[in-house]
Ligand SMILES: [Zn+2]
């Protein structure tokens with residue numbers, strides 16, 4: 083566990099065990115929550131690397147969370163129903179939406195059966211390049227290369243660097259270093275570097291992507307279930323804010339058109355890849371609205387408030403994070419207190 087995660091957990095535990103969050107809940111809890119999930123995988127198959135593991139929860143934790151939110155009296159609703167409640171300002175009961183990003187095969191294997199078992203609605207935002215094996219899942223490529231190699235040679239900032247990656251602890255250090263090096267690069271350069279590494283260490287980027295992805299047949303089966311909403315999550319999972327306007331529109335419409343052709347649906351809910359402030363902002367929100375979508379979600383971490391009916395193309399979500407797979411963390415996050423306090427602190431610092 084990273085130091086940052088340890089500090090965050092200590093603060094969350096403090097809020098929980100002192101019951102302090104209950105005093106603040108009324109101020110911060112909002113009207114509902116959209117939850118974000120990525121991978122649902124067995125604990126023994128989870129990533130050894132912190133940054134990737136936070137995108138993974140176990141099937142047991144998903145099931146436990148569903149039981150927990152039902153017991154807490156939430157309505158589990160579809161994105162259409164959530165939008166309707168926001169537009170009509172109907173908040174007699176609090177709501178939860180389950181959303182899963184990207185379209186990974188484990189969603190079909192583990193999450194879909196659980197949603198069917200409890201008969202609850204869910205959304206999968208699909209990146210069609212992942213379905214077709216053309217997206218570059220650079221963070222997974224990097225993981226695979228570091229796991230299989232004892233040494234990584236890479237030219238960084240004009241210098242030839244050599245990283246020893248024999249032991250697991252060495253691999254973790256190398257992964258963190260190279261992850262952020264790549265994450266902060268311009269897109270083209272990022273792809274050039276990861277493709278060069280893949281060639282050098284004999285990794286098929288396409289095969290890796292296809293092994294992670296749901297097939298069109300699986301997506302078809304899911305899309306035909308009335309519990310499912312299939313949303314648009316772009317063609318290639320690029321940070322849209324880094325692209326020219328025409329490329330943004332292309333990334334979005336190519337994905338939506340393919341989903342429409344293959345699945346005979348209107349994929350009219352959208353989710354921004356990465357979804358943080360540097361990947362999607364006011365320009366992108368406007369483009370998505372103009373393209374006729376019903377809603378769009380980010381990864382800004384907040385509960386939904388009544389006034390989000392004025393921000394339907396920039397809806398925040400709360401992640402179910404692999405490092406916080408405990409009922410007390412779910413209860414805290416649903417209260418809106420930790421994210422609300424964090425937001426208030428940021429506003430205070432800005433002043
Ligand atoms: Zn995504």
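Residue numbers (the working numbering): 83 to 433. Backbone N, C-alpha and C fix where the C-beta goes; we use that ideal spot for every residue, glycine too.
{"Check": "Cβ-Cβ distance between residue 65 and residue 313 below 8 angstroms", "Outcome": "Residue 65 lies beyond the stretch modelled for the chain, which goes from 83 to 433, so this question has no answer here."}
{"Check": "Residue 196, DSSP secondary structure in three states", "Outcome": "helix"}
{"Check": "Extent of the continuous alpha helix (DSSP H) run through residue 344", "Outcome": "327-345"}
{"Check": "For residue 139 and residue 403, the rounded distance between their alpha carbons", "Outcome": "7 angstroms"}
{"Check": "Burial state of residue 416, where buried means 16 or more other Cβ atoms lie within 10 Å", "Outcome": "buried"}
{"Check": "Helix, strand or coil at residue 296 [DSSP, three-state]", "Outcome": "coil"}
{"Check": "Residue closest to residue 347, alpha-carbon to alpha-carbon, out of 354, 356, 337", "Outcome": "337"}
{"Check": "CA-to-CA distance, residue 174 to residue 224, given in whole angstroms", "Outcome": "47 angstroms"}
{"Check": "Alpha-carbon spacing of residue 198 relative to residue 309, whole angstroms", "Outcome": "8 angstroms"}
{"Check": "Rounded Cβ spacing between residue 335 and residue 373 (contact assumed at less than 8 angstroms)", "Outcome": "7 angstroms"}
{"Check": "Inter-residue Cα distance where the pair is residue 307 and residue 159", "Outcome": "15 angstroms"}
{"Check": "Residue 114 - partner residues in DSSP beta bridges", "Outcome": "177, 386"}
{"Check": "Own chain partners of residue 405 with C-beta closer than 6 angstroms, once the 5 adjacent residues on each side are dropped", "Outcome": "87, 136"}
{"Check": "Proximity test, residue 183 beta-carbon vs ligand 1 heavy atom, cut-off 7 angstroms", "Outcome": "yes"}
{"Check": "Residue 121 CB to nearest heavy atom of ligand 1 below 7 angstroms", "Outcome": "no"}
{"Check": "Segments of 3+ residues assigned as beta strand (DSSP E) that fall wholly inside the region 85-137", "Outcome": "114-119"}
{"Check": "Own chain, CB closer than 8 angstroms to residue 391, minus 5 neighbours either side, in chain order", "Outcome": "168, 169, 171"}
{"Check": "Classification of residue 99 by the beta-carbon crowding that lies within 10 angstroms, buried from 16 upward", "Outcome": "exposed"}
{"Check": "Ligand 1 heavy atom lying under 7 angstroms from the CB of residue 355", "Outcome": "yes"}
{"Check": "Supposed contact pair residue 418 and residue 385 - C-beta distance, whole angstroms, cut 8 angstroms", "Outcome": "4 angstroms"}
{"Check": "Burial state of residue 353 (16 or more Cβ within 10 Å)", "Outcome": "buried"}
{"Check": "Pick from 230, 120, 269, 239 that is closest to residue 257, judged by C-alpha positions", "Outcome": "230"}
{"Check": "Distance between beta carbons of residue 219 and residue 290, contact taken as under 8 angstroms", "Outcome": "7 angstroms"}
{"Check": "Per-residue burial, residue 284 [other beta carbons within 10 Å of its own, 16 or more giving buried]", "Outcome": "exposed"}
{"Check": "Sequence-distant residues of its chain with Cβ nearer than 6 angstroms to residue 157 (five each side left out)", "Outcome": "175, 177"}
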